[in-house]
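Heads up: take any position in the sequence shown, counting from 1, add 387, and you land on the working numbering.
These notes concern the structure reproduced below.
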Amino acid sequence: MRKMKNWKSEFQINYHVNFLMEDATMITKHEGIVIEAENEKQVQDLVQSYFKTNPESFVESPEDMISKVARQELIIDKVKKVWKH
């Protein structure tokens, strides 16, 4: 069977976001999503690109935030193919 070029796989991405607060404390939030992509590199590129333009959509703001976020950093922990067309 030949694979169609427009077929994609689904990948489970586990990641965390580190929030460096203005008061110098660090808060870490762990999350996960499933997205369609052609390969693992495309998954990482898509996630990094989307995080750069929409960081607030990756995690809810930590409830325990007293000061403002000075910097946030996305770390991809694991990418796993969960389904293939």
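The beta-carbon is built from N, C-alpha and C at its ideal position, and this holds for glycine as well.
Everything numeric in this text was worked out from a predicted model, so none of it was measured.
(request) Taking all protein chains shown into account, decide if A457 is buried (16 or more other Cβ within 10 angstroms of its Cβ) or exposed. (result) exposed
(request) Please go through the same chain and pick out, in chain order, the residues whose beta-carbon is closer than 6 Å to the beta-carbon of K390, but skip the five residues on each side of it. (result) Note that K390 has pLDDT 49, beneath the 50 cutoff, so the model's placement of it is unreliable and the number below is only indicative. For K390, where only same-chain residues beyond five positions count, there are no Cβ hits under 6 Å.
(request) For W470, collect the residues of the same chain with a Cβ closer than 7 Å to its Cβ; drop the 5 residues on either side in sequence, then sort them by chain order. (result) S396, E397
(request) For E485, I'd like the list of residues in its chain whose CB is within less than 6 Å of its CB, leaving aside the five on either flank, ordered along the chain. (result) Since the first residue of the chain shown is 388 and the last is 472, residue 485 is not available in this structure.
(request) Please determine, among I400, F406, I463, D410, the residue with the shortest C-alpha to C-alpha distance to I422. (result) I400
(message) For K439 and L461, I'd like the C-alpha separation in whole angstroms.
(response) 9 Å
(message) What would DSSP say about E484, mapped onto helix, strand or coil?
(response) An answer regarding residue 484 cannot be provided, because it is not within the stretch 388 to 472 covered by the chain.
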